[in-house]
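If you're matching them up, the sequences are chains F and B in order.
Using my numbering, read the first sequence as starting at 1 and increasing by one per residue.
Using my numbering, read the second sequence as starting at 1 and increasing by one per residue.
Structure, as structure tokens:
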Amino acid sequence: EADIYQTPRYLVIGTGKKITLECSQTMGHDKMYWYQQDPGMELHLIHYSYGVNSTEKGDLSSESTVSRIRTEHFPLTLESARPSHTSQYLCASKPDNLYGYTFGSGTRLTVV
Amino acid sequence: AQSVTQLGSHVSVSEGALVLLRCNYSSSVPPYLFWYVQYPNQGLQLLLKYTSAATLVKGINGFEAEFKKSETSFHLTKPSAHMSDAAEYFCAVSSPSGNTGKLIFGQGTTLQVKP
Numbered sequence: 001e002a003d004i005y006q007t008p009r010y011l012v013i014g015t016g017k018k019i020t021l022e023c024s025q026t027m028g029h030d031k032m033y034w035y036q037q038d039p040g041m042e043l044h045l046i047h048y049s050y051g052v053n054s055t056e057k058g059d060l061s062s063e064s065t066v067s068r069i070r071t072e073h074f075p076l077t078l079e080s081a082r083p084s085h086t087s088q089y090l091c092a093s094k095p096d097n098l099y100g101y102t103f104g105s106g107t108r109l110t111v112v
Numbered sequence: 001a002q003s004v005t006q007l008g009s010h011v012s013v014s015e016g017a018l019v020l021l022r023c024n025y026s027s028s029v030p031p032y033l034f035w036y037v038q039y040p041n042q043g044l045q046l047l048l049k050y051t052s053a054a055t056l057v058k059g060i061n062g063f064e065a066e067f068k069k070s071e072t073s074f075h076l077t078k079p080s081a082h083m084s085d086a087a088e089y090f091c092a093v094s095s096p097s098g099n100t101g102k103l104i105f106g107q108g109t110t111l112q113v114k115p
């Protein structure tokens, strides 16, 4: 079964550290997305990509950056983590001709 | 601009009772609408979607939703709640025009099912 994978599932890290959250999908989807979700809150789009070498900022301003060098891989990087970055980060993808995303299981990040 | 409002951040029902989760949308163009479910510490799973075909949409796990343009609503229902339905439910809207495919999510509704 095709799927979308996020690693790590949980991460606790100190302030100032650089971190990369991984997201990979095996479905060949061109469009990929990163959402940030605070506990009990709605999801906010922070980055998206139409395909290789395409990245755009989302509706919610974020200090993170993304890259899309390969279709299947859409990592998110924080150069210097801060406690305000503590949140759940959800990755999703969708094919061009259909609506509705496939979501990964998320990475729950805690910055101490 | 598009937006979604979910009425009621918490809904509690007894096992076997009707589940009704409310969603109203705002969109300047005919929308595509979705319901997702999120279990604790997991990602989101698509329950059902409306993409301009039949206005009554059936999804997984016995859920269904009806698109009512006159009321700008897309409420989620299930005739009989199970304990396993306890989760967070998100309504979302997307525009069929344009190329981004972005989803705008509501604030979510936590469904509690009491024995």
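We treat Cβ as the ideally placed atom computed from N, Cα and C, and that holds for glycine.
Keep in mind the model is a prediction, meaning the values are calculated, not measured.
Does any CB atom of chain B fall closer than 9 angstroms to the CB of residue i?
i	result
K31(F)	yes
L21(F)	no
M27(F)	no
K94(F)	yes
E72(F)	no
S105(F)	yes
Q6(F)	yes
T102(F)	yes
L90(F)	yes
L9(F)	Note that residue 9(F) is Arg in the sequence shown, not Leu. Judged by the 9 angstroms Cβ criterion, R9(F) is in contact with chain B.
G14(F)	no
R108(F)	yes
Is the beta carbon of residue i less than 9 angstroms from the beta carbon of residue j?
i	j	result
Y10(F)	Y32(B)	no
G43(B)	G106(F)	yes
I19(F)	T77(F)	yes
Q88(F)	Q25(F)	no
A92(B)	G106(B)	yes
R22(B)	S80(B)	no
L20(B)	T55(B)	no
R68(F)	F74(F)	yes
E66(B)	H75(B)	yes
S49(F)	M32(F)	yes
L109(F)	L43(F)	no
L45(F)	L103(B)	yes
Y36(B)	F103(F)	yes
Q2(B)	S26(B)	yes
T188(B)	S9(B)	Beyond the ends of chain B as shown, which are 1 and 115, falls residue 188(B); an answer cannot be given.
S54(F)	H85(F)	no
G40(F)	H47(F)	no
Please confirm if residue i has its CB atom under 9 angstroms from at least one CB of chain F.
i	result
K69(B)	no
Y25(B)	no
Y36(B)	yes
N41(B)	yes
T161(B)	A question about residue 161(B) goes unanswered here, because the residues of chain B that appear run from 1 up to 115.
K124(B)	Residue 124(B) lies beyond the residue range present for chain B, which begins at 1 and ends at 115; the question has no answer from this structure.
T110(B)	yes
S12(B)	no
L46(B)	yes
Assuming residue i and residue j are in contact, meaning their beta carbons sit under 8 angstroms apart, how far apart are those beta carbons, in whole angstroms?
i	j	result
L48(B)	A86(B)	Actually they do not touch by this definition, with Cβ atoms about 18 angstroms apart.
Looking at the C-beta of residue i, does it have a partner C-beta in chain D at a distance below 9 angstroms?
i	result
S28(B)	The question asks about chain D, but that chain is absent: this structure's protein chains are F and B.
Self-check item: Contacting positions in the stretch 74-106 of chain B - beta carbon closer than 9 angstroms to chain F
Solution: Of all residues in the stretch 74-106 of chain B, those with a C-beta nearer than 9 angstroms to a C-beta of chain F are E88, F90, A92, S94, P96, N99, T100, G101, K102, L103, I104, F105 and G106, reading in chain order.
Practice problem: With 9 angstroms as the limit, tell me which residues of the stretch 43-55 of chain F have their beta carbon closer than that to any beta carbon of chain B; keep them in chain order. | Solution: The residues in question are L43, H44, L45, Y48 and Y50.
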